[in-house]
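Going letter by letter, the sequence shown gives residues 0 to 181 in numbering that gives the first Met the number 0.
Beta carbons are placed, not taken as given, at the ideal position from N, Cα and C, and that holds for glycine.
Owing to the predicted nature of the structure, the values given are computational and were not obtained by experimental measurement.
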Amino acid sequence: MTTPRPVAALGRLAGKVTGRVVETVPPDLILDHIDVDALVDRVDVNRILDRVDLNHVLDRLDLNRVLERVDVNHVLDRIDPDRLIDRIDVDRLAGRLDLQRLLAGVDLDELLRSVDVEALVRRSGVPGLVVESQTQLAGSLLDLIRRQLAGLDAVLDRVVNRLLRRDIGSRPTTPRLLEVRE
Numbered sequence: 000m001t002t003p004r005p006v007a008a009l010g011r012l013a014g015k016v017t018g019r020v021v022e023t024v025p026p027d028l029i030l031d032h033i034d035v036d037a038l039v040d041r042v043d044v045n046r047i048l049d050r051v052d053l054n055h056v057l058d059r060l061d062l063n064r065v066l067e068r069v070d071v072n073h074v075l076d077r078i079d080p081d082r083l084i085d086r087i088d089v090d091r092l093a094g095r096l097d098l099q100r101l102l103a104g105v106d107l108d109e110l111l112r113s114v115d116v117e118a119l120v121r122r123s124g125v126p127g128l129v130v131e132s133q134t135q136l137a138g139s140l141l142d143l144i145r146r147q148l149a150g151l152d153a154v155l156d157r158v159v160n161r162l163l164r165r166d167i168g169s170r171p172t173t174p175r176l177l178e179v180r181e
């Protein structure tokens with residue numbers, strides 16, 4: 000398709016005049032007649048970004064200067080501690096702890112001063128165990144004394160029977176009230 004002759008001639012004329020107009024007319028006068036919003040609306044930002052070499056931009060970037068301008072408190076205010084804690088691997092963190100060094104800084108005497116030992120003993124059930132063991136010990140001691148007295152009674156019974164020269168075979172084996180009668 001060929002361009003009609005009058006349009007081509009106009010284009011050549013505009014090309015020759017443009018350089019002289021730019022040199023002669025002040026830029027502010029030209030800019031006053033330009034609709035910047037309409038110009039920006041016509042710009043394809045994605046096309047421009049496709050042409051940008053980000054590696055080159057990052058190589059030229061001075062991160063120290065950028066970080067100097069960062070308001071750390073503002074950044075920390077935007078952090079959600081719950082989300083951050085949910086992302087922490089507690090087992091991995093615990094594995095990195097030096098417990099010896101951590102416990103070396105603990106004053107056990109001071110820590111134990113704040114412990115309510117009486118309440119701790121009550122919750123552990125020790126008083127109940129002591130009462131139970133004392134009860135069992137007292138019961139065992141009474142059983143032992145009864146057995147010893149029963150043994151002594153048997154020995155004394157034999158001694159008295161010998162001294163009185165009683166016939167052991169003629170004596171009843173059970174008390175009279177407990178005998179079974181047929």
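Helix, strand or coil for residue i per DSSP?
i           : result
residue 40  : helix
residue 55  : helix
residue 144 : helix
residue 173 : coil
residue 132 : helix
residue 73  : helix
residue 106 : coil
residue 139 : helix
residue 67  : helix
residue 116 : helix
residue 47  : helix
residue 179 : coil
residue 96  : coil
Would residue i pass as an interface residue toward chain D - the criterion being a Cβ-Cβ separation below 7 angstroms?
i          : result
residue 46 : No chain D is part of this structure, which consists of one protein chain only.
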